[in-house]
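Start counting the sequence shown at 840; every next residue gets the next number (the working numbering).
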Amino acid sequence: MSTAAPMGSQRLRALGWTEGHEKAFAVLQEAAGADLIPALVTEAGDGGCTAESATGALRATYGPNLLLSMAADPLRRPLTEDWIAVRRWPDGRATAEAILSRRVTLMRQEPSR
840 MSTAAPMGSQ RLRALGWTEG HEKAFAVLQE AAGADLIPAL VTEAGDGGCT AESATGALRA
900 TYGPNLLLSM AADPLRRPLT EDWIAVRRWP DGRATAEAIL SRRVTLMRQE PSR
């Protein structure tokens with residue numbers, strides 16, 4: 840398992856990337872068996888999210904494992920300020936494969952009637 844910082848790590852640190860994120864990401868990368876990059880979600884929607892990576896902004900759709908997780912529990916969808924693992928595909932597409940960490944989860948109560 841590599842513990843080297845991702846390319847552009849200064850940019851990631853400026854976004855809030857920590858040694859704890861690095862360790863968690865290394866475990867996720869090894870388990871996935873794929874080249875993933877970390878990114879910070881800046882905007883999330885139903886079909887995908889916009890995120891900042893070490894090399895700049897990117898748009899990612901949700902990968903199949905993340906979609907299955909979201910179907911089981913809607914709170915498992917990426918939210919703004921979540922760190923995610925992104926897979927870049929040879930055709931230029933990007934997919935969010937997993938949520939790396941979540942700082943806070945806010946839940947809205949149903950309105951009283």
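Positions of the beta carbon are idealized from the N, C-alpha and C atoms, including for glycine.
| Asked | Found |
| --- | --- |
| Using only the alpha-carbon positions, how far apart do Arg-916 and Glu-936 sit? | 11 Å |
| With DSSP run on the structure shown, which of helix, strand or coil describes Arg-915? | helix |
| What does the Cβ neighbour count give for Val-880, buried or exposed, with the cut at 16 atoms within 10 Å? | buried |
| Is the Cβ-Cβ distance between Ala-878 and Val-925 less than 7 Å? | yes |
| Is it buried or exposed for Asp-874, if we count other Cβ within 10 angstroms and need 16 for buried? | exposed |
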